[in-house]
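Novice:
2 protein chains.
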Amino acid sequence: MTRADAVRNRERIISAAALAFADLGLDASMNEIARRAGVGIATTLRNFAHRDELIATVFSDRMRRYADITEAAAARPDPWQGFQQCVTEVFELQASDRGFSQVLIGSFPAAPAFEAERARAYRTFDALTRRAQAAGKLRADFVPNDMPLMLMANAGVISHTIDQAPGAWRRLTAYFLQSLSAEHAQPLPAPVPTRRLYLSMTKT
Amino acid sequence: MTRADAVRNRERIISAAALAFADLGLDASMNEIARRAGVGIATTLRNFAHRDELIATVFSDRMRRYADITEAAAARPDPWQGFQQCVTEVFELQASDRGFSQVLIGSFPAAPAFEAERARAYRTFDALTRRAQAAGKLRADFVPNDMPLMLMANAGVISHTIDQAPGAWRRLTAYFLQSLSAEHAQPLPAPVPTRRLYLSMTKT
DNA sequence: GCATAACTGGAGTGGCCTATCCAGATATTC
DNA sequence: GAATATCTGGATAGGCCACTCCAGTTATGC
Numbered sequence: 001m002t003r004a005d006a007v008r009n010r011e012r013i014i015s016a017a018a019l020a021f022a023d024l025g026l027d028a029s030m031n032e033i034a035r036r037a038g039v040g041i042a043t044t045l046r047n048f049a050h051r052d053e054l055i056a057t058v059f060s061d062r063m064r065r066y067a068d069i070t071e072a073a074a075a076r077p078d079p080w081q082g083f084q085q086c087v088t089e090v091f092e093l094q095a096s097d098r099g100f101s102q103v104l105i106g107s108f109p110a111a112p113a114f115e116a117e118r119a120r121a122y123r124t125f126d127a128l129t130r131r132a133q134a135a136g137k138l139r140a141d142f143v144p145n146d147m148p149l150m151l152m153a154n155a156g157v158i159s160h161t162i163d164q165a166p167g168a169w170r171r172l173t174a175y176f177l178q179s180l181s182a183e184h185a186q187p188l189p190a191p192v193p194t195r196r197l198y199l200s201m202t203k204t
Numbered sequence: 001m002t003r004a005d006a007v008r009n010r011e012r013i014i015s016a017a018a019l020a021f022a023d024l025g026l027d028a029s030m031n032e033i034a035r036r037a038g039v040g041i042a043t044t045l046r047n048f049a050h051r052d053e054l055i056a057t058v059f060s061d062r063m064r065r066y067a068d069i070t071e072a073a074a075a076r077p078d079p080w081q082g083f084q085q086c087v088t089e090v091f092e093l094q095a096s097d098r099g100f101s102q103v104l105i106g107s108f109p110a111a112p113a114f115e116a117e118r119a120r121a122y123r124t125f126d127a128l129t130r131r132a133q134a135a136g137k138l139r140a141d142f143v144p145n146d147m148p149l150m151l152m153a154n155a156g157v158i159s160h161t162i163d164q165a166p167g168a169w170r171r172l173t174a175y176f177l178q179s180l181s182a183e184h185a186q187p188l189p190a191p192v193p194t195r196r197l198y199l200s201m202t203k204t
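As given, the protein sequences belong to chains A and B, one line each in that order. Here the first sequence is numbered in UniProt numbering, starting from 1 and rising by one per residue. Here the second sequence is numbered in UniProt numbering, starting from 1 and rising by one per residue.
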């Protein structure tokens with residue numbers, strides 16, 4: 001039987017980690033998290049032997065929300081508005097948490113349930129893309145794999161501006177959305193091969 | 001009198017640091033650099049007491065090149081082609097070195113000569129911007145302060161793709177340039193206040 | 001070729017990191 | 001309320017970090 005106080009401690013660790021990741025990013029130290037939780041380092045590491053487990057636990061809600069945002073956008077009647085809403089809201093989600101911004105451009109193979117949500121988002125985004133292209137609104141040479149590219153770009157902006165200029169990502173978003181419109185689109189260089197980009201998102 | 005072998009050591013440190021920064025980014029440890037240079041840690045730190053001095057020394061060439069690229073673009077007769085060339089070549093310079101990519105979105109107040117080159121680039125870019133806008137090619141609501149925003153975005157892409165998909169930044173660049181065209185430009189959110197963005201680029 | 005100023009690298013310090021160990025504390029069960 | 005299974009946090013180890021100290025080495029000027 002798991003003891004009641006152990007459950008309480010586990011939850012304190014998760015709460016503390018959520019704050020620490022938001023403040024400091026994903027590389028907040030386990031020591032720091034233990035300190036904030038008012039719990040020993042041993043207790044923290046007993047509950048979450050690998051940092052990735054803690055990350056997956058802390059951000060499972062947000063990851064689900066990520067996939068939900070994509071599905072809600074796909075449910076909108078207007079294909080192009082749906083696509084734009086998806087990009088905007090995902091970027092906004094990224095801006096809401098330094099840690100989650102990094103989660104979205106990372107990969108956590110040790111947490112299958114977590115990655116399943118990401119896969120759900122990708123599948124839906126794929127459909128969203130095709131629908132917007134079929135409607136002639138999204139440029140035909142856009143590929144779903146451009147999304148991680150944009151997430152990386154947005155993460156770069158967010159990590160440097162979120163404290164001093166928290167709205168900077170909105171301007172980036174606007175630039176992106178305009179360049180994704182099918183109207184007057186100019187040719188692009190070749191897209192990034194999916195496999196290779198995914199590889200780059202594997203843990204180091 | 002500075003001894004000949006001391007000069008030689010200093011140069012070995014600079015060369016080793018250039019490689020280490022390119023491989024590992026700006027946070028390569030001083031220990032690692034000393035090891036690569038085949039020199040004691042004490043010698044390394046005696047030559048460069050602060051990491052920033054070493055960074056400014058290693059990247060002074062590239063920083064000058066950055067400003068030169070901007071000036072060369074400003075010297076081109078066609079304002080819009082000049083502007084596009086500037087953005088493309090600066091992004092390419094960023095892609096050529098993980099460390100320099102970070103330098104371009106950082107700030108090194110302890111190295112005034114270094115920052116003077118950056119200021120030269122900014123001044124020229126400002127003129128380049130106005131000229132391209134006067135020609136009606138660059139959208140009127142673009143502000144020079146959007147450049148650091150794009151540099152941050154590009155740095156984000158580069159840091160995650162340079163190994164596995166080294167051409168990814170080109171696609172980002174193409175998207176950006178299209179959204180900067182004056183033709184069919186849609187309204188944007190407010191630009192990031194200059195002061196605040198600069199502040200965010202100050203060392204932590 | 002010697003005296004000396006200039007320079008060297010290794011050893012040591014203190015800090016923070018992950019990770020493990022274990023004697024003691026505590027919730028639970030009966 | 002005693003027995004026990006569960007859980008705790010401090011101490012500890014080993015690694016890497018920036019940084020300092022100093023006895024010993026080496027280039028240089030005469």
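The beta-carbon is built from N, C-alpha and C at its ideal position, and this holds for glycine as well.
Measure from the C-beta of Y175/A to each C-beta in chain B and report whether the shortest distance is under 8 Å.
Specialist: At least one chain B Cβ lies under 8 Å of Y175/A.
Novice: Nearest to T43/A by CA position, among E11/A, K137/A and G106/A, is which residue?
Specialist: Taking only the C-alpha atoms, the option nearest T43/A is E11/A.
Novice: Here's a check: name, in chain order, each residue in its chain whose Cβ is nearer than 8 Å to the Cβ of R3/A, leaving out the five neighbours to either side.
Specialist: Correct list: empty, nothing qualifies.
Novice: Label S101/B either buried or exposed according to how many other C-beta atoms from any shown protein chain fall within 10 Å of its C-beta, with 16 as the threshold for buried.
Specialist: When all chains shown are included, S101/B counts as buried.
Novice: If we ignore side chains and look at the alpha-carbon of each, how far apart do F176/A and A155/B end up?
Specialist: Spanning the two alpha carbons is a distance of roughly 16 Å.
Novice: Between the C-alpha atoms of S200/A and A132/A, what's the straight-line distance to the nearest angstrom?
Specialist: The predicted position of S200/A is uncertain, since its pLDDT is 46 and thus under 50; no value can be drawn from it.
Novice: Kindly indicate if chain A contains any beta-carbon less than 8 Å away from that of E115/B.
Specialist: Judged by the 8 Å Cβ criterion, E115/B is not in contact with chain A.
Novice: Is the CB-CB distance between V157/B and L149/A below 8 Å?
Specialist: A contact, by the Cβ cut-off of 8 Å.
Novice: Could you tell me which residues DSSP puts in a beta bridge with S181/B?
Specialist: DSSP output for S181/B lists L138/B as bridge partner(s).
Novice: Suppose you measure from the CA of I13/B to the CA of R51/B; what does that come to, to the nearest Å?
Specialist: Spanning the two alpha carbons is a distance of roughly 12 Å.
Novice: Assign M1/A to buried or exposed, taking buried as 16 or more other Cβ atoms, counted over all protein chains shown, within 10 Å of its Cβ.
Specialist: With fewer than 16 other Cβ atoms within 10 Å, it is exposed.
Novice: Using a Cβ distance threshold of 8 Å, determine whether the region 20-30 of chain A contacts the region 97-117 of chain A, with at least three qualifying pairs required.
Specialist: In short, these stretches touch, since the Cβ pair count reaches three.
Novice: If we ignore side chains and look at the alpha-carbon of each, how far apart do T161/B and P191/A end up?
Specialist: Distance between the alpha carbons of T161/B and P191/A: 13 Å.
Novice: What's the gap between the Cα of Q63/B and the Cα of A174/B?
Specialist: According to the sequence displayed, residue 63/B carries Met and not Gln. So the alpha carbons of these two residues sit roughly 24 Å apart.
Novice: Given a threshold of 16 other Cβ atoms within 10 Å of its Cβ, counted over all protein chains shown, does S179/B qualify as buried or as exposed?
Specialist: Counting Cβ neighbours within 10 Å, S179/B comes out buried, since at least 16 surround it.
Novice: Whose C-alpha, out of A153/A, I69/A and R8/A, is nearest the C-alpha of E117/A?
Specialist: Checking every option, the nearest Cα to that of E117/A belongs to I69/A.
Novice: Residues of chain A with CB under 7 Å from L172/B, in chain order?
Specialist: Simply L149 and A153.
Novice: If you measure between the beta carbons of R139/B and A182/B, is that distance less than 8 Å?
Specialist: For R139/B and A182/B, yes; Cβs fall inside 8 Å.
Novice: Excluding the five sequence neighbours on either side, which residues of its own chain have a C-beta within less than 6 Å of the C-beta of A185/A, listed in chain order?
Specialist: Answer for A185/A: R139, listed in chain order.
Novice: Tell me the DSSP secondary structure of R12/A in three-state form.
Specialist: Three-state DSSP puts R12/A in a helix.
Novice: If you measure between the beta carbons of A17/A and I33/A, is that distance less than 8 Å?
Specialist: Result yes, Cβ atoms of A17/A and I33/A sit closer than 8 Å.
Novice: Short of 8 Å in beta carbon distance, which residues of its chain neighbour T202/A, apart from the five on each side in sequence? Order them along the chain.
Specialist: Unreliable positioning characterises T202/A in this predicted model, as indicated by a pLDDT of 44, which lies under 50. The coordinate reading is nonetheless provided below. Once the five neighbours on either side are set aside, the close Cβ partners of T202/A are S107 and P109.
Novice: Can you find a C-beta in chain B that's less than 8 Å from the C-beta of A168/A?
Specialist: It does; some Cβ of chain B falls within 8 Å.
Novice: If P144/B sits next to F125/B, beta carbons under 8 Å apart, how far is it from one beta carbon to the other, in whole angstroms?
Specialist: Yes, they are in contact, since the Cβ atoms of P144/B and F125/B sit about 6 Å apart, within 8 Å.
Novice: Looking at chain B, which residues of the region 12-39 of chain A have a Cβ within less than 8 Å of any of its Cβ atoms?
Specialist: For the region 12-39 of chain A, which is checked against every Cβ of chain B, not one residue is closer than 8 Å.
Novice: Tell me the DSSP secondary structure of F48/B in three-state form.
Specialist: Reduced to three states, the DSSP call for F48/B is coil.
Novice: Short check: CB of R171/A to CB of L188/B, under 8 Å?
Specialist: Contact flag set, yes.
Novice: From the beta carbon of H160/A, is the nearest beta carbon of chain B less than 8 Å away?
Specialist: For H160/A, the answer is yes, since a Cβ of chain B falls inside 8 Å of its Cβ.
Novice: Report back the beta-carbon spacing between M147/B and I105/B to the nearest angstrom; my notes put them in contact at under 8 Å.
Specialist: Actually they do not touch by this definition, with Cβ atoms about 10 Å apart.
Novice: Given R48/B, which residues of its chain have a CB within under 6 Å of its CB, disregarding the five upstream and five downstream residues?
Specialist: Here the sequence assigns Phe to residue 48/B, which means Arg is not the residue at that position. Contacts found: L54.
Novice: Against chain A, with Cβ distances strictly below 8 Å, would S179/B count as a contact?
Specialist: It does; some Cβ of chain A falls within 8 Å.
Novice: In whole angstroms, what is the alpha-carbon distance linking S60/A and Q81/A?
Specialist: If I take the Cα positions, the gap works out to 27 Å.
Novice: At 8 Å on the CB atoms, spell out the chain B contacts of E92/A, in chain order.
Specialist: Result: empty, since nearest Cβ-Cβ is about 12 Å, beyond 8 Å.
Novice: Could you check what DSSP says for K203/B in three-state terms: helix, strand or coil?
Specialist: Confidence at K203/B is low in this model, with a pLDDT of 39, below 50, so its placement is unreliable and no value can be given for it.
Novice: Which whole-angstrom value is the C-beta distance of L93/B and R65/B, which I expect to be below 8 Å?
Specialist: Correct: roughly 7 Å between the Cβ atoms.
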